[in-house]
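K.L.:
Quick one: structure below, then a few questions.
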Amino acid sequence: MPTPETAVPDTSTYPGADYYEVTMRPGTWQFHRDLGPADVWGYWAKNPHDRHEPIGMGYLGPTISVIKDQPTVVKYRNKLPTTHLFQFVIDKIRSGDPQLAPIAPPPYESEPPFPENVNVWNVVHQHGGFTPPQSDGMPLHSFSPDGVHAESYTTLEPDRVERNEAICAYTNHERSSMLWYHDHGMGMTSVNVYAGLAGLYLIRDPADERLGLPQGEFEVPLILQDRTFHPDGKLAYTMTQQEGEDTPVVNGKAYPFLAVEPRRYRLRILNASNERFWRLRIDPPRDVVLQPNLPFWLIGTDGGFRAPLQMLNFLIGPAERYDLIVDFSGMPMGSKFTLTNYHAPVHYPGVPGQGPEISEVMQFQVTKPLSGADRTTPPKQLKLPVVAPNEPEPDIHRREWVVYQHKLFSTMTFNAVPFMEPSQDFIKAGEKEIWEYVNPNHDAHPMHVHLVNFQVLNRQPIDAAAYQADYEKWIDGGRKASDKPVLANYFTGPPIPPDPDEALSYKDTFKSYPETVTRIVTDPWSPPMEPIAGIANSGTELPATYVHHCHLLEHEDDDLMRPFTIVDPDA
Ligand code: C2O
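Encoded structure:
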């Protein structure tokens, strides 16, 4: 199993900041030794020491690793072809085929933000970033390889970019954590990420050194995805057709194995799948009958460390990150442990047995002799920063987001409002809010909010069928404020506390379970105002508009995403 290489910054272009040039390019990649090479897209970072040897693998992108609070400036260059790797999907969108239309069909249809002859557009979003809006990489910031811009395209340092480029700057004021970056092209995120446009972004805090965590080769990122292949090894995009066999891909390899020493490892798992949830556990070698599953110690989530928690399995939704310690100490040489997806089908919870499922994901093979004593801290004794509960004040503002599935189309929206409608939600800077996600569907949705971290407050079951019917009636009746269904009338039970693996954790993505309202309490809404790395206009100006969305990529494209706006409370 490969591990994406770390990009090397240029430290002279912007004094005090790390500077990278990252290019999106087509390439080829072999997902498995038994498969032929596949056409893929990936990110490549310029190597400041050797311009002929850019850093990347072809698929995915190099890891950007930064020191907390030391800003980063990145120039993104779009060198992708002008015909899409999944052009047949784009053609279907253009033909208005509602079965396979990442851009919403009528009546939610919004014109793609690009003219007919443009088929590829991209923008890079730093997921989990505390980033001013113009550097956040939102859908309408997209730009094409031939230099066509979407309506909100913007760049820092306009004198230093070509039309197929954009410069973004990141504060790196997040806590020590694993963020990631990925494509966020308007209506095309699903096919762009599927082609390979995703990478890791690590925030490192030098203060973590004293924690005694496994480091270097004993800290392993695992980027989990599922892919479907044609017999010749080329990528098939069948997300919405559900044909072909789903194959687990970790760091770009199908069914990989990792040779490990009998010691503790830190696994940093990102679910970068388009739609798949995974319920992961580690199965012991098959020949060892009495050995239990190897436990995971959860030490962090999306937004940083949390109190250690021992788990035998856990459910990870798209875009979530789990920071884990797994202990192979004392395991006999040659023993093989299997990371298994234990009954999570592609749509979660779905109907087990229906739809493509994956069981074995990868193997850890204890085949390397111990290279030295394991001096890392046993997970139970780790002195990790403890996350204080984010208590809502009694007068906190509440905002309701209803996952609304249109009667006639697969299209989903928040509150039956298409993404392209201007922002209707104005949040006072500096205040926290409770956001209530009402999910009357049968599937779970991973919901992601840009800019802030939050905590899951609780969940409450609802009479989904009755709520959905009344909500539909309200929409059809012209949305009279007085007729709006009141959520409290549909509860079928008391609030349920968050799951142990999400409680007292910093999250940027959470699971909105079916037939349930999930409540989150955000951190105060305070975008970074100061300019970054001394670059003009790189800080935030209020009002500032961001987005939140479902991270099932096909849903975010079609159309389960809304903008919201942070405003000056005194203006
Ligand atoms: Cu990971 Cu708006 O996305």
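Residue numbers (my numbering): 13 to 583. Yeah, the Cβ is synthetic: ideal placement off N, Cα and C, and Gly gets one too.
For a quick check, are the C-beta atoms of residue 34 and residue 86 less than 7 Å apart?
P.N.:
On the sequence shown, residue 34 is found 22 positions in, with the first residue counted as 1. On the sequence shown, residue 86 is found 74 positions in, with the first residue counted as 1. Yes, these two residues count as a Cβ contact at 7 Å.
K.L.:
Among the candidates 18, 317, 298 and 390, whose CA atom is the shortest distance from the CA of residue 341?
P.N.:
Reading the sequence shown from its first residue, position 329 is the one you call residue 341. Closest option to residue 341, Cα to Cα, is 390.
K.L.:
I'd like the list of long-range same chain contacts for residue 305, defined as Cβ closer than 8 Å, with 5 residues on each side in sequence excluded.
P.N.:
For the purposes of this step, residue 305 is identified with residue 293 of the sequence shown, where counting begins at 1. Hits under 8 Å: 293, 294, 295, 296, 324 and 325.
K.L.:
Leaving aside the five residues before and after residue 354 along the sequence, list all residues of the same chain whose C-beta is less than 8 Å from its C-beta, in chain order.
P.N.:
Taking the first residue of the sequence shown as position 1, residue 354 is located at position 342. Around residue 354: 291, 292, 293, 325 and 371.
K.L.:
Which residue marks the beginning of the alpha helix (DSSP H) containing residue 425, and which one marks its end?
P.N.:
As a working mapping, residue 425 is identified with position 413 in the sequence shown. Element bounds for residue 425: not the alpha helix (DSSP H) but the beta strand (DSSP E), 424-426.
K.L.:
With distances taken from CA atoms, which of 207, 82 and 414 is nearest residue 285?
P.N.:
Working through the sequence shown from its first residue, we reach residue 285 at position 273. The shortest C-alpha separation from residue 285 is found at 207.
K.L.:
Would DSSP call residue 210 helix, strand or coil?
P.N.:
As a working mapping, residue 210 is identified with position 198 in the sequence shown. Strand, per DSSP.
K.L.:
Comparing alpha-carbon positions, which option in 303, 277 and 209 lies nearest residue 590?
P.N.:
Past the edges of the chain, shown from 13 to 583, lies residue 590, and the structure says nothing about it.
K.L.:
Straight-line CA distance for residue 13 to residue 46?
P.N.:
In the sequence shown, the residue the question calls residue 13 occupies position 1. In the sequence shown, the residue the question calls residue 46 occupies position 34. Each residue's alpha carbon lies about 15 Å from the other.
K.L.:
Three Cβ pairs or more, each shorter than 8 Å: is that satisfied between the stretch 159-175 and the stretch 222-231?
P.N.:
Verdict: no, contact absent.
K.L.:
What are the start and end residues of the alpha helix (DSSP H) that includes residue 567?
P.N.:
The residue you call residue 567 lines up with position 555 of the sequence shown. Where residue 567 is concerned, the enclosing alpha helix (DSSP H) stretches over 565-569.
K.L.:
Could you pull out every residue in the same chain whose Cβ sits closer than 6 Å to the Cβ of residue 282, ignoring the five residues on either side in sequence?
P.N.:
Stepping through the sequence shown from its first residue, residue 282 is reached at position 270. Within the same chain, residue 282 has close Cβ partners 192, 235 and 333.
K.L.:
Would you say residue 438 and residue 259 are within 7 Å of each other, going by their C-beta atoms?
P.N.:
The residue labelled residue 438 in the question sits at position 426 within the sequence shown. The residue labelled residue 259 in the question sits at position 247 within the sequence shown. No, the pair does not count as a contact, with Cβ atoms beyond the cut-off.
K.L.:
Based on the DSSP output, what are the partners of residue 86 in its beta bridges?
P.N.:
Locating residue 86 in the sequence shown gives position 74, where the first residue counts as 1. Per DSSP, 32 and 180.
K.L.:
Report the option in 494, 463 and 502 whose CA atom is closest to the CA atom of residue 479.
P.N.:
By one-based count along the sequence shown, residue 479 stands at place 467. When only C-alpha atoms are compared, the closest one is 502.
K.L.:
Taking 7 Å as the cut-off, decide whether the C-beta atoms of residue 534 and residue 445 are in contact.
P.N.:
Working through the sequence shown from its first residue, we reach residue 534 at position 522. Working through the sequence shown from its first residue, we reach residue 445 at position 433. The answer is yes: Cβ separation under 7 Å.
K.L.:
Return the first residue and the last residue of the beta strand (DSSP E) that residue 133 is part of.
P.N.:
Within the sequence shown, numbered from 1, the residue matching residue 133 stands at position 121. Element bounds for residue 133: n/a, residue is neither H nor E.
K.L.:
Near residue 512, which residues of its chain fall below 7 Å by C-beta distance, leaving aside the five closest residues on each side in sequence?
P.N.:
For the purposes of this step, residue 512 is taken as the residue at position 500 of the sequence shown. Closer than 7 Å at the Cβ level, and outside the excluded window around residue 512, lie 321.
K.L.:
I'd like to confirm something about residue 331: is its beta-carbon nearer than 6 Å to some heavy atom of the ligand C2O, or not?
P.N.:
Numbered from 1 along the sequence shown, position 319 holds the residue referred to as residue 331. Answer for residue 331: yes, Cβ within range of the ligand C2O.
K.L.:
DSSP three-state label for residue 56, please.
P.N.:
Within the sequence shown, residue 56 is the residue found at index 44, counting from 1. Reduced to three states, the DSSP call for residue 56 is strand.
K.L.:
Would you mind sorting residue 456 into buried or exposed? The rule is 16 or more other CB atoms within 10 Å of its CB.
P.N.:
For the purposes of this step, residue 456 is taken as residue 444 along the sequence shown, with counting starting at 1. Buried is the call here.
K.L.:
With three or more beta-carbon pairs closer than 8 Å as the criterion, would you say the stretch 182-191 touches the stretch 136-145?
P.N.:
Result yes; three or more Cβ-Cβ pairs closer than 8 Å.
K.L.:
Locate the alpha helix (DSSP H) running through residue 479, then write down its first and last residues.
P.N.:
Position 467 of the sequence shown, counting from 1, holds the residue named residue 479. Element bounds for residue 479: 476-488.
K.L.:
Around the Cβ of residue 541, are there at least 16 other Cβ atoms within 10 angstroms (buried) or fewer (exposed)?
P.N.:
Position 529 of the sequence shown holds residue 541. Per the 10 Å Cβ criterion, exposed.
K.L.:
Cβ atoms of residue 521 and residue 471: under 7 Å apart, would you say?
P.N.:
Counted from its first residue, the sequence shown places residue 471 at position 459. Counted from its first residue, the sequence shown places residue 521 at position 509. No, these two residues do not count as a Cβ contact at 7 Å.
K.L.:
Is it buried or exposed for residue 270, if we count other Cβ within 10 angstroms and need 16 for buried?
P.N.:
The sequence position of residue 270 within the sequence shown is 258, counting from 1. With 16 or more Cβ atoms within 10 Å of its Cβ, residue 270 is classed as buried.
K.L.:
Do three or more CB pairs link the stretch 19-27 to the stretch 49-64 at distances below 8 Å?
P.N.:
Because the criterion of three Cβ pairs below 8 Å is met, the stretch 19-27 and the stretch 49-64 touch.
K.L.:
For residue 168, which of helix, strand or coil comes out of DSSP?
P.N.:
Within the sequence shown, residue 168 is the residue found at index 156, counting from 1. Here residue 168 sits in coil by DSSP.
K.L.:
Under 8 Å Cβ to Cβ from residue 435, same chain only, skipping five residues before and after it: list those, please.
P.N.:
Mapped onto the sequence shown, residue 435 falls at position 423. Cβ neighbours of residue 435 beyond the five flanking positions: 557, 574, 575, 576 and 577.
K.L.:
Name the one or two DSSP bridge partners that residue 537 has.
P.N.:
On the sequence shown, position 525 is the one that residue 537 refers to. DSSP lists no partner for residue 537.
K.L.:
Note down, in chain order, each residue of its chain lying with its Cβ closer than 6 Å to the Cβ of residue 347, except the 5 sequence neighbours on either side.
P.N.:
If you number the sequence shown from 1, residue 347 lands on position 335. Counting only Cβ-Cβ distances below 6 Å, and skipping sequence neighbours, we find 297 and 378.
K.L.:
Nearest CA to the CA of residue 399: which residue from 187, 156 and 63?
P.N.:
For the purposes of this step, residue 399 is taken as residue 387 along the sequence shown, with counting starting at 1. Residue 187 is the option with its Cα nearest to residue 399.
K.L.:
Count Cβ pairs between the stretch 151-164 and the stretch 123-134 that sit closer than 8 Å; are there 3 or more?
P.N.:
Yes, they touch.
K.L.:
Please name the residue, chosen from 214, 386 and 82, that lies closest to residue 274 on a Cα-to-Cα basis.
P.N.:
One-based indexing of the sequence shown puts residue 274 at position 262. If we check each option's Cα against that of residue 274, 386 comes out closest.
K.L.:
With DSSP run on the structure shown, which of helix, strand or coil describes residue 267?
P.N.:
Within the sequence shown, numbered from 1, the residue matching residue 267 stands at position 255. Three-state result, residue 267: coil.
K.L.:
Measure the CB-CB distance between residue 245 and residue 48 and report whether it falls below 7 Å.
P.N.:
Taking the first residue of the sequence shown as 1, we reach residue 245 at position 233. Taking the first residue of the sequence shown as 1, we reach residue 48 at position 36. Closer than 7 Å, so yes.
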